[in-house]
Amino acid sequence: MEQNEILSHAHELPRIPKVIREMMELVNDPEVELQELARTISMEQVVSARVIRLANSAHFSRGKGVSSVDQAVVRLGLEPLKTLIIASSLVSAFPYVEVIDLEEFWQETFEVAVLSKAIAQSCDVNPNSAFTAGMLHNIGDLMIYTVMAEQVPTIFEKIEAGISKVIAQRSTIGTDSADLGAKLAESWSFSEELVFAISEQFEPKVDNIYSPLAATVRLANAINRDWDSLSTMDAKSVWLSEQIEAEILQVDTSIIEHIEAVRGAGAEMARLVI
Numbered sequence: 001m002e003q004n005e006i007l008s009h010a011h012e013l014p015r016i017p018k019v020i021r022e023m024m025e026l027v028n029d030p031e032v033e034l035q036e037l038a039r040t041i042s043m044e045q046v047v048s049a050r051v052i053r054l055a056n057s058a059h060f061s062r063g064k065g066v067s068s069v070d071q072a073v074v075r076l077g078l079e080p081l082k083t084l085i086i087a088s089s090l091v092s093a094f095p096y097v098e099v100i101d102l103e104e105f106w107q108e109t110f111e112v113a114v115l116s117k118a119i120a121q122s123c124d125v126n127p128n129s130a131f132t133a134g135m136l137h138n139i140g141d142l143m144i145y146t147v148m149a150e151q152v153p154t155i156f157e158k159i160e161a162g163i164s165k166v167i168a169q170r171s172t173i174g175t176d177s178a179d180l181g182a183k184l185a186e187s188w189s190f191s192e193e194l195v196f197a198i199s200e201q202f203e204p205k206v207d208n209i210y211s212p213l214a215a216t217v218r219l220a221n222a223i224n225r226d227w228d229s230l231s232t233m234d235a236k237s238v239w240l241s242e243q244i245e246a247e248i249l250q251v252d253t254s255i256i257e258h259i260e261a262v263r264g265a266g267a268e269m270a271r272l273v274i
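Position one of the sequence shown corresponds to residue 1 (full-length UniProt numbering), numbered consecutively onward.
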């Protein structure tokens, strides 16, 4: 099946509502104010409920519950609120997918998003944009799982046989999740920078165009894939020094402590949001 034919099935996926897109744009605005965010959040019931639930969680609770979005926003503060909005928005946009464990999928996605943000905080990349890119990076996979479900077992079999994910996808359906995800994000009116980062998540495809955001997502993916197999700090230091994306972003081994601190936070966030 050609890419355009697959994309023609995009109507089978729920569209991200305008208010959700507005929220995601607001959280990446460095000058956004809490009152403006609260007003926009109040227009979306599901996100509102999750914001209040997070504010009443053990991590943020001060012994007194909150019952309104305004109260929750004040308690959470801007950065946790931004993170929750991005995460909640993406989770709300997709249906149940039968061919995969969706809870595990979102835990992996959140983990890449958290790692992307941690990397961005150590280099010249907007941390909130990095988190958004991490959350969006595998929406192409969800499209394949949703509209090409019958082909998914074949893709998984090829990956288990040692074929790379991108080659397994291309040889089975004629395209890959990075290109599909980029096209889908573009149709949802996300920024050109985010669309490009999704497109370049496996490998740079456009010569002479450097995208720090794309490199951030690629490095986060690699960390999520390999980190737990590295048993010592020395092994992690050597591994990091060998990553071309770390060199591009000028990230050195001082980031290891930060990675260790946030490792697992994405999975925990997923359990709270979904």
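Backbone N, C-alpha and C fix where the C-beta goes; we use that ideal spot for every residue, glycine too.
Distance between Glu-245 and Leu-194, taken at the CA atoms: about 17 Å.
One alpha carbon belongs to Ile-100, the other to Asn-56, and they sit about 31 Å apart. The residues Ala-55, in chain order, have a CB closer than 8 Å to that of Ser-61 in the same chain once the five nearest residues on each side in sequence are set aside. With contacts defined as CB atoms closer than 9 Å, Ile-119 and Ile-256 fail to qualify as a contacting pair. In the three-state DSSP reduction, Gly-266 falls in the helix class (H, G or I). Contact between Ala-178 and Met-135 does not hold, since their C-beta atoms are separated by about 15 Å, which reaches or exceeds 8 Å. The residue among Thr-83, Thr-109, Gly-174, Ile-155 with its C-alpha nearest the C-alpha of Ser-129 is Thr-83. Residue burial annotation: Ser-229 is exposed, with fewer than 16 other C-beta atoms found within 10 angstroms of its C-beta.
In the structure shown, Val-251 adopts coil according to DSSP, grouped into three states.
Look at Trp-188 here: in three-state DSSP terms it is coil, with no helix or strand label.
Around the C-beta of Asp-141, 16 or more other C-beta atoms lie within 10 Å, and the residue is accordingly described as buried. In the three-state reduction of the DSSP assignment, Arg-62 falls in the coil class. A contact between stretches requires three or more CB pairs, one per stretch, nearer than 8 Å, and the stretch 100-111 fails this requirement with the stretch 183-197. Annotation for Ser-189: Arg-21 place their beta carbon closer than 7 Å to its own, counting only its chain and skipping 5 residues before and after. Ile-223 is the residue among Ile-223, Ile-259, Ser-231, His-258 whose C-alpha sits nearest the C-alpha of Glu-242.
Listed in chain order, the non-local C-beta contacts of Val-91 below 7 Å within the same chain comprise Trp-106, Val-273, Ile-274, local neighbours out to five positions each way being set aside.
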